Amino acid sequence: MLRFVLHRMVQMVPLLIGITFLSFVVVDLAPGDFFDTLSMNPSISPEMVREMKQEFGYGQPLPVRYGRWLWRVAHLDLGMSVAYRVGVLELIESRAMNTVILAVASMIFTWALAIPIGIVVALRRGTLLDRSLSFVAFFGMSVPSFFLSFLLMYLALETGWFPVGGTTSLDYPILSPLEKIGDRLAHLVLPVLVLGTGGMASLMRLMRSQLLEIQSADYVRTARAKGVPEWIVVSKHILRNALNPFVTLAGYELGTLLGGAALVEAVMNLQGLGTLMLDAVRSLDLYLVMGSVLMSSVLLLLGNLFADVALTLVDPRIDFSHLEAVR
Amino acid sequence: MKRGFALAACVAVALVGTAACRKSGEERLRRGDRLVTATISDPKTFNPLLSVDAASTEAVGDVFEGLVRLNPKTKLPEPVLATLWEHDEAGTTWTFHLREGVTWHDGAPFTADDVAFSFDAVFDPRVPNSAKHVLMVGGQPMRTEVVDPHTIKVMMAEPFAPLLNSVGFDILPKHLLGQALKDGTFTQTWGIDTPPEKIVGTGSYRLVRYVPAQLLQYARNPTYWMRDEAGGALPRLAERTTLIVPDQNTMYLKFLDRQLHMYSPRPEEIDDLRARTEELEIALDKIGLDTGMLFVSFNRNPAHYVKDGKADPRLAWFTDSKFVRAVAHSLDKRSMIQNTYFGYGEPAVSAISPENTAFYNPNLTPYEYDLDTARRLLDEGGYRDRDGDGVREDAQGHPLEFELSTNAGNQVRERLCSILKEDWTKLGIKVNYRPLDFATLVEKLSTNFDWDAMVMGFTGGVEPHASSNLLRSSGNLHMWQPNQRTPATPWEAEIDRELAAGARELDPQKRVTHYWKIQEILHRELPMIQLVRQQRFIAAKSYLVDFVPTVWGVYQPERIAIRP
């Protein structure tokens, strides 16, 4: 097992180099660069734009720039953002907390609701409950998240139940610890609802179809025929066998965790990494774009690895030992 | 199933709980002696000299001060760190007398050394900044000479009238940044990762807290030098908070939710706000017209038209005064205002906004919307529909057809383009509208010059010399034909001369005539056909006292107070 993990880790290196090189080329091929907006500003002289380009090493050939970037990355330095003149790593750090809280909260929300609901609708297939929840699920999947954000914000404005945007209220620094938690939670409700809705629907549908498929399996029928109590049938025979795709999914979510919510972040004024990266791509802030590409790729690859390892734990049929044998 | 319900119930209880704890918006907003505003994006730096975007400039606007600042009421420079100034006979040496008793936020005294240092930083070749090229006079940097701790001389190669409108840049503390300038790390100082208490200025507020993507918080500078008439301490408000709200719709919702004391509404929000002034306890003020310009321009750069030795007919049309005048008469500005600004705007006549009362030339006769005149001018110019297909042809039989572009995503400009297309079709001109992304647009304007007609805009300040990059024939932003070695036309040469003369003329009355002349030439030759200007509004809580907004900024913002 350890050998397998190490093997995969080593494989990640050329993969990451490939991904980042391609991204570097794509950003470079995109028309224009960060300095275009500056050059159309009457109060900024062309000399100043030239000086700034020089400062950030623009104008060197692409392989040289990429090589330099890679060399710095190898030393855990992600370079400097052109727009902010601050290290990319510091920028990402300063925004990461919001995004992590949001991502974790919406993941908990999604999974904690979607799985039980999925089970319920699968067991009550064809009933009104199934059909109405499925309808809600499709609705949730098809409503664009930015639109839902606005809808909920408008609701918050009209009712005054929830804060309109932001992560904390103005008086946050002077609140008591308990109030602080409440304040944070109140600000989390709407974005989590928006982010959770889309994911919840697909997760619930997946759970439902998984269960339905397994329910007709021979061993389930056998178990039921033997008179095994229903809750044991569901929890032991059906659920365990339905788990595999969810483990894989959870692994993928690690990768999308940090960058997935840009629109919702922008609308709900929760700026985190999503908006930071969106802005970086829009303004062609090269090193910031590269930093975020690198970070999400690493997370995606790690997530996959975790998922594979977890799969061997939940499903005895999956075994990587033969890989070790081959070597 | 039961568990699901239990969970849902828990969530519901938690939600209702948090909802119940929430105070009413007004209560939250009025807590304490503070002003809450919003800005659209994060600052990129706290070093005022390095900022190239409005958000960064705004973020430290109250933290630092310049020698002078613009008085938005008189549009003249008023004393800040300098109390008095005079120049010698030749106008090349200016003496600034500095305010005494001013201290930096950390307690160090402010002296002429700080001013000299700030000029050094501006002209340091390793520090890219936007003040530099404005302050280069006759291609030479200015020199400074410290006379005594409260007097400094600024010397330049030739008389420079825009000086007072240009020396408003923020003065920086030598005792904190001197070393960084010396060892070349200046461009990395005072980035947004710097702890707020280290950002030290002389201004009315200190930066105390910055939460990226959330807010900027300021506390009153207790030792600020300014007093009101009664000798009371300024600024009046103990705290200021600027929320960072990257989405304009969200910002509006936040204002409606009573999270902000003021808001600049977009035209489409005006009627809604007007209907709710009582409910929201706000006053909605018309503060004036936009200070920038919005225009359509034709490419007059021969480089674009001569291909394989053959001249393209479009160059002849676009440089034909009959053609451009016909276009000027074809602009339905009323419907532009209606469609882009919901009625809240004015037709633009001059390149300079009427709000710039010091330099605006009120004597220009507007080109009225008159399609008959436009048709007559086109007929006179030999542009007639010879084959009856609805599109006019020039004398050589080339149909009048060209491309119209603007930067995609700018809704106002996109709507203007579609109205232009409609108007021009009525005249028998075929227009292919093509929105471009910004980078492509910049490439076309500055590198390959491959465009026909373009709707563009520039922001504007009080000082017209700041537009010289655009107006001078050798300017890189001289859109219609940039970077000319020698002026291509007599009138461009005339503008060059007037610009140079305007910069040298120290008598304000005489100086104005040069910029009036430039406006006349632009109005006659129409290299930029001015379109419309938006009417600006500000909505603010009616309990704000001494809040005087203008299109040039807030008048004496340190006097703002909140009526209990």
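Chains as they are written, first to last, in this note's numbering: chain W, 19 to 345; chain S, 4 to 567.
Even glycine gets a Cβ: it sits at the ideal position worked out from N, Cα and C.
Being a predicted model, the structure only gives us computed values, none of them experimental.
7 Å Cβ cutoff, F113 of chain S in contact with chain W: No, no contact with chain W.
Cβ separation of K476 of chain S and Q487 of chain S, assumed to be a contact under 8 Å, to the nearest whole Å: Sequence check: residue 476 of chain S is Ser here, not Lys. Taking C-beta atoms under 8 Å as the contact rule, S476 of chain S and Q487 of chain S qualify, at a distance of about 4 Å.
Cβ neighbour criterion (16 or more within 10 Å) applied to W89 of chain W: Exposed, because fewer than 16 other Cβ atoms sit within 10 Å of the Cβ of W89 of chain W.
Cβ pair Q217 of chain S, Y344 of chain S closer than 7 Å: Cβ distance not < 7 Å, so Q217 of chain S and Y344 of chain S don't count as in contact.
Straight-line Cα distance separating A298 of chain W from V307 of chain W: Distance between the alpha carbons of V307 of chain W and A298 of chain W is about 6 Å.
K313 of chain S, DSSP secondary structure in three states: It is a strand residue.
Cβ-based neighbour list, A343 of chain W, same chain, cut-off 8 Å, excluding 5 preceding and 5 following: Model confidence at A343 of chain W stands at a pLDDT of 47, short of 50, so the residue's coordinates are unreliable; what they give is reported in the following sentence. Once the five neighbours on either side are set aside, A343 of chain W has no close Cβ partner at all.
Contact with chain S by A92 of chain W, beta-carbon distance below 7 Å: The beta-carbon of A92 of chain W is placed no less than 7 Å from the nearest beta-carbon of chain S.
Assigned exposure category for M459 of chain S - 16 Cβ within 10 Å defines buried: When all chains shown are included, M459 of chain S counts as buried.
Supposed close pair M159 of chain W, A219 of chain W - CB separation, criterion 8 Å: Their Cβ separation, rounded to whole angstroms, is 4 Å, which keeps M159 of chain W and A219 of chain W in contact under 8 Å.
Backbone secondary structure at H264 of chain S - three-state DSSP: H264 of chain S: coil per DSSP, three-state reduction.
DSSP bridge partner residues for R328 of chain S (one or two, in chain order): Beta-bridge pairing links R328 of chain S to no other residue.
Length-filtered (4 minimum) alpha helix (DSSP H) runs lying within the segment 263 to 310 of chain S: Scanning the segment 263 to 310 of chain S from its first residue to its last, the whole alpha helix (DSSP H) runs of 4-plus residues come out as 270 to 278, 280 to 283, 305 to 308.
Integer Cβ distance of G77 of chain W from W87 of chain W, believed to fall under 8 Å: About 15 Å separates the beta carbons of G77 of chain W and W87 of chain W, which is beyond the 8 Å limit, so they are not a contact pair.
Straight-line Cα distance separating V31 of chain W from F22 of chain W: If you take the alpha carbons of F22 of chain W and V31 of chain W, they lie about 15 Å apart.
L294 of chain W and R113 of chain W closer than 7 Å at C-beta: Taking a C-beta distance under 7 Å as the contact criterion, L294 of chain W and R113 of chain W qualify as a contact pair.
Neighbouring residues, chain W, relative to E508 of chain S (Cβ below 7 Å): Neighbourhood of E508 of chain S in chain W, by CB distance below 7 Å: empty, with the nearest CB roughly 21 Å away.
Contacting residues, own chain, Cβ-Cβ under 6 Å from V210 of chain W (five flanking each side not counted): Excluding five sequence positions before and after V210 of chain W, the CB atoms of its chain that fall closer than 6 Å to its own CB belong to A123, S124, F127, given in chain order.
According to DSSP, residues forming a beta bridge with A564 of chain S: DSSP links A564 of chain S through a beta bridge to S:V548.
Alpha helix (DSSP H) segment containing G64 of chain W, residue limits: According to the sequence displayed, residue 64 of chain W carries Pro and not Gly. Unbroken alpha helix (DSSP H) run through P64 of chain W: 64 to 73.
Residues of its chain near Q484 of chain S, where Cβ-Cβ distance is below 7 Å and the 5 sequence neighbours each way are ignored: Within the same chain, Q484 of chain S has close Cβ partners R303, N304, A491.
Cβ-Cβ distance between K336 of chain S and V211 of chain S below 7 Å: No; because the gap between Cβ atoms is not below 7 Å, this pair is not in contact.
Closest by C-alpha distance to L276 of chain S, when choosing among S:L259, S:L292, S:L263: When only C-alpha atoms are compared, the closest one is S:L259.
Euclidean distance between Cα positions of D46 of chain W and G36 of chain W: Here the alpha carbon of D46 of chain W sits roughly 15 Å from the alpha carbon of G36 of chain W.
Local conformation of V344 of chain W per DSSP, three classes: Low confidence applies here, because V344 of chain W scores a pLDDT of 45, under 50, leaving its location unreliable; read the following figure in that light. Here V344 of chain W sits in helix by DSSP.
Where E283 of chain W falls: helix, strand or coil (DSSP): Looking at E283 of chain W - three-state DSSP - the assignment turns out to be helix.
F163 of chain S, DSSP secondary structure in three states: If DSSP states are grouped into helix, strand and coil, F163 of chain S belongs with coil.
Backbone secondary structure at E271 of chain W - three-state DSSP: In this structure, E271 of chain W counts as helix in the three-state DSSP scheme.
Neighbour flag for V211 of chain S against chain W, beta carbons, 7 Å: V211 of chain S does not count as touching chain W.
Near-chain S residues of the segment 284 to 313 of chain W (beta-carbon distance less than 9 Å), N- to C-terminal order: Answer set for the segment 284 to 313 of chain W: A284, V285, M286, N287, L288, Q289, G290, T293, L294, D297, L302.
Length of the line joining the Cα atoms of P334 of chain W and L302 of chain W: Whole-angstrom Cα-Cα distance: 47 Å.
Limits of the beta strand (DSSP E) - the one that M531 of chain S falls within: DSSP places M531 of chain S inside the beta strand (DSSP E), whose first and last residues are 531 to 533.
Reference V327 of chain S, options S:Y558, S:R102, S:R527, closest by Cα: If we check each option's Cα against that of V327 of chain S, S:R527 comes out closest.
Interface flag, A243 of chain W vs chain S, CB-CB below 7 Å: It does not: the Cβ of A243 of chain W has no partner Cβ on chain S nearer than 7 Å.
V282 of chain W and L256 of chain S closer than 7 Å at C-beta: Going by C-beta atoms, V282 of chain W is not nearer than 7 Å to L256 of chain S.
Segment contact flag, the segment 200 to 208 of chain S with the segment 63 to 73 of chain S, C-beta cutoff 8 Å, min 3 pairs: Contact holds between the segment 200 to 208 of chain S and the segment 63 to 73 of chain S, because three or more Cβ pairs, one in each stretch, are under 8 Å apart.
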